[in-house]
Ligand code: UT7
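In this note's numbering, the protein residues as written are 381 to 709.
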């Protein structure tokens, strides 16, 4: 085995905005029903950011909690990676806003746009920087304000999303703890199945793009659905194989929380019983990159993960992107 430094989870944090939006509330906004949403998707309620909140303000709160838990001061952070598809502004990077908010003056900063897989891409990058010895303390923040890019008149998407932030502090840890393997995948040929069409260099913001509602999430749900479970199961297999672990050794699977039926299908394809699968989709809905970060934080809080537990994070999202991250806590 080659010599490299393992990156471990030193602390986690999360922030959920206060405002609650229930399925009953949505019934008054679009032609939908609590029954459809709970049976087809598995969501009961989701939280929405207050008008003054942004992805970086929520991300900073999650980051503070993670730093406090890790007993790390902001000045010790070498790098801030922000995973988001809802940055505060197109640029500069929202990671820079988090740096300013925390006073993490020594940290390098950048954002990554891997959609729902963003937290897992971020963990993989953090592991890379730590394992080479380039950085010692890496803060990975996954924060989304999807309510700002949700078309509240489109029942196909309005019922699915919520706002949230999660964070993790990564530091060197002695083997066999830490990130044991990651697997990242993408298929750019399917990018148009899940996208935000306007506001970039292809279709700059204009009166026309606003009236055509092109600044909102567009998704061919069914097409995404078909691909997601299989991609996640395959990704899990690859990550486990890279680390030389078997699926039976897993204590917990933390999947992206987009649809209960996708999670069940992915678990089935991975030969995992649902008792070993972490769920919080009913309370938060799909919060893109934040889902796996928040779920990791909650799994530790609820002691579903304890020291030495073997945990696999997996996600799938726009791009398409997908990935898995195997961690010994
Ligand atoms: O996070 C990134 C990755 N994203 C995902 O993984 C999401 C993947 N996709 C999904 O989770 C599902 O495809 C959805 C939840 C988006 C949709 O579920 P579905 O079972 O694929 O439904 P569908 O799109 O095939 O629509 C079935 C029916 C349609 O009616 P008709 O044409 O059969 O009469 C829809 O118009 O359900 C209707 N429908 C709704 N009915 C009530 C769609 N949305 C709603 C709604 N309430 N909110």
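Ideal placement from N, C-alpha and C gives every residue a C-beta, glycine not left out.
Within the same chain, 577, 578, 583 come within 7 Å of residue 594 by CB-CB distance, once the 5 residues on both sides are set aside.
The shortest CA-to-CA distance from residue 474 to any of 489, 528, 484 is the one to 489. Sequence-distant Cβ neighbours of residue 551 in its own chain, meaning closer than 6 Å and more than five residues away, are 390, 517.
Sorting 500, 434, 470, 686 by C-alpha distance to the C-alpha of residue 673 places 500 at the top.
Rounded to whole angstroms, residue 693 and residue 573 show a C-alpha spacing of 24 Å. Straight through space, the alpha carbons of residue 626 and residue 471 are spaced by roughly 42 Å.
Per the coordinates, the alpha-carbon of residue 513 lies some 7 Å from the alpha-carbon of residue 385. Approximately 6 Å separates the beta-carbon atoms of residue 605 and residue 642; this is inside 8 Å, confirming the contact. For residue 706, the CB contacts under 6 Å within the same chain, skipping 5 residues up- and downstream, are 560, 561, 619, 623, 692 in chain order. In this structure, residue 542 has its beta carbon at no less than 7 Å from each heavy atom of the ligand UT7. Nearest to residue 530 by C-alpha distance, out of 688, 508, 598, 682, is 598. Bridge pairing for residue 558: 708 [DSSP].
Residue 625 has its Cβ no nearer than 7 Å to any heavy atom of the ligand UT7. Between residue 520 and residue 548, the C-beta spacing is below 8 Å. Bridge pairing for residue 427: 400 [DSSP]. Short of 8 Å from the beta carbon of residue 448, and not among the five residues preceding or following it, lie these beta carbons of its own chain, in chain order: 391, 393. Of 629, 497, 459, 553, the smallest CA-CA separation from residue 509 is found for 459. The beta carbons of residue 430 and residue 523 sit no closer together than 8 Å.
For residue 619, the enclosing alpha helix (DSSP H) stretches over residues 601–623.
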